[in-house]
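Take 1 as the starting number for the sequence shown in the working numbering and just add one per residue.
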Amino acid sequence: MPNPTLLTAAGYGSLLVAIMHAATGRQFQRLRQFQELPNIAYVRSTVGWYQGSGYLILSALLNFNWAKNPESLSDPLTRGMAVVLTIIAWASSAWYLRGGVKASGLLTVFAGIFQAWAALY
Numbered sequence: 001m002p003n004p005t006l007l008t009a010a011g012y013g014s015l016l017v018a019i020m021h022a023a024t025g026r027q028f029q030r031l032r033q034f035q036e037l038p039n040i041a042y043v044r045s046t047v048g049w050y051q052g053s054g055y056l057i058l059s060a061l062l063n064f065n066w067a068k069n070p071e072s073l074s075d076p077l078t079r080g081m082a083v084v085l086t087i088i089a090w091a092s093s094a095w096y097l098r099g100g101v102k103a104s105g106l107l108t109v110f111a112g113i114f115q116a117w118a119a120l121y
C-alpha cells in the first residue's frame with residue numbers, strides 16, 4: 001500500500017513547484033525572442049505555461065487526497081490517474097532535455113520518479 005507520508009511529500013513538492021513554475025513564467029516571457037513570436041505562438045505558449053502550473057496544482061491535490069486514503073490507489077481508475085501523472089512528468093522531462101533545458105528536465109524526471117514511488121509502490 002502506498003505510504004501517506006510519501007504522498008503528502010509529493011503533494012507539497014508539486015505545490016512548491018507549481019508556485020515556482022508560475023513565477024518563472026514571467027522570466028522567459030520577457031525575453032525579446034518570446035515577445036517577437038507570432039501572436040498565435042505567443043498566446044498558446046503563455047496559456048500552455050500556466051496550464052502546466054495548473055497541472056502541478058492538480059497533482060498536489062490528488063496526492064493530498066491519496067494521502068488521506070492510500071487504499072484508493074488500489075482502484076484501477078485511481079491508479080490510472082497516478083500513472084498518467086507519472087507519464088506526463090517523464091514526457092515533459094524528455095522534452096526539456098531534448099531542448100537543452102537540463103535543470104527543468106532533471107527536476108521533472110526526479111519528480112516523476114518520486115510520484116511513481118509514492119503512489120504506485
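Where is the CB? At the ideal position from N, CA and C, for every residue including glycine. The model shown is predicted, which means the values in this text are computed figures rather than measured ones.
From the options, residue whose alpha carbon lies closest to that of residue i
i	options	result
residue 65	100, 32, 82	82
residue 4	59, 70, 93	70
residue 101	28, 118, 68, 12	28
residue 84	113, 47, 67	113
residue 88	56, 98, 43, 99	56
residue 86	67, 62, 44	62
residue 16	121, 120, 111	111
residue 77	91, 120, 46, 44	120
Which of helix, strand or coil DSSP assigns to residue i
i	result
residue 70	helix
residue 61	helix
residue 39	helix
residue 30	coil
residue 100	coil
residue 121	coil
residue 2	coil
Neighbourhood of residue i by C-beta, 7 angstroms cutoff - its chain only, sequence neighbours within 5 removed
i	result
residue 53	18, 21, 22
residue 96	104, 105, 108
Nonlocal neighbours in the same chain, by C-beta distance under 8 angstroms from residue i, ignoring five residues either side
i	result
residue 58	none
Close-in-space but distant-in-sequence residues of the same chain around residue i (CB under 6 angstroms, 5 per side omitted)
i	result
residue 118	6, 7, 10
residue 79	73
residue 116	86
residue 60	11, 14, 15
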